[in-house]
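Down below is the structure, laid out as C-alpha cells.
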C-alpha cells in the first residue's frame, strides 16, 4: 500500500546456519517494537523516524527509555544527524569531505517532512555530494532537522512503484530497512 519509499538505515550482512542475510545496524523500530532489541547510540549513530502522528523524531539515544520518551513508533539508524534546530552537526572525521550518493530524511519548521535522494558515483550523471555540502544546501532550504540515512548504492527513491533516481549500482539493491509512506 505504499506510494513512496526510500532506503532506510545502515545494515550488515550476517551468515547464520549457512544462510546470508541482511541485518539492520543501530536501532530499527516497527510499530513501536524494536527489531533485535535496543542498542545504545555508538559511533555517531542517530535514530530517525516518526511518532504515531507521523511527526519526525530523532537523535542519539543512550537508553531505551530515552528513545521511547521521544515518542518513536517507526524508524531506523545511520550516521550522522545533519541538522538539529537549524544548526549543522559535527561531521565525524571518517565521513568528512566524501562525495557519495545520499539519502536524507528531514523536516521544515512548519512540520512538513521530506525525503531527498542525491545520485552519485556516475561520472556521466552525478558525482554525489559531501555531507558538508548537503548541510549547506539543507540550511539554504530552511530545513530545521535532517538525518543522513544509508547512502551509496543503497540510495533509492521509489514513487508509485517506479524507481525515480539512478542508483549507483545500476539498479536498486537489496536492503534490510526502508521508509515507506502509505496513503
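Residue numbers (this note's numbering): 29 to 211.
Note that CB positions come from ideal geometry on N, CA and C, so glycine has one too.
If you count every other CB in all the chains shown that lies within 10 Å of the CB of residue i, and 16 or more means buried, which is it?
i, result
"residue 114", "exposed"
"residue 132", "buried"
"residue 101", "buried"
"residue 135", "buried"
"residue 168", "exposed"
"residue 173", "buried"
Which residues mark the beginning and the end of the beta strand (DSSP E) in which residue i is found?
i, result
"residue 175", "173-176"
"residue 50", "47-52"
"residue 74", "74-78"
"residue 41", "39-44"
"residue 105", "102-106"
"residue 83", "Taken as a continuous stretch (DSSP letters only), residue 83 belongs to no beta strand (DSSP E), as it is neither H nor E."
For residue i, which of helix, strand or coil comes out of DSSP?
i, result
"residue 32", "strand"
"residue 144", "strand"
"residue 182", "helix"
"residue 201", "coil"
"residue 92", "helix"
"residue 67", "coil"
In the DSSP output, which residue or residues are listed as bridge partners for residue i?
i, result
"residue 131", "145"
"residue 154", "150"
Going by beta carbon distance, what residues of the same chain come within less than 7 Å of residue i, once the five residues before and after it are set aside?
i, result
"residue 188", "31"
Ends of the alpha helix (DSSP H) at residue i?
i, result
"residue 166", "159-168"
"residue 124", "Looking at the DSSP string, residue 124 is not in any alpha helix (DSSP H), and its letter there is neither H nor E."
So, does the CB of residue i fall closer than 8 Å to a CB anywhere in chain B?
i, result
"residue 121", "Any reference to chain B falls outside this structure, which holds one protein chain only."
Short of 8 Å in beta carbon distance, which residues of its chain neighbour residue i, apart from the five on each side in sequence? Order them along the chain.
i, result
"residue 59", "101 and 102"
Can you give me the Cβ contacts of residue i inside the same chain, cut-off strictly under 6 Å, excluding the 5 residues immediately before and after it?
i, result
"residue 64", "none"
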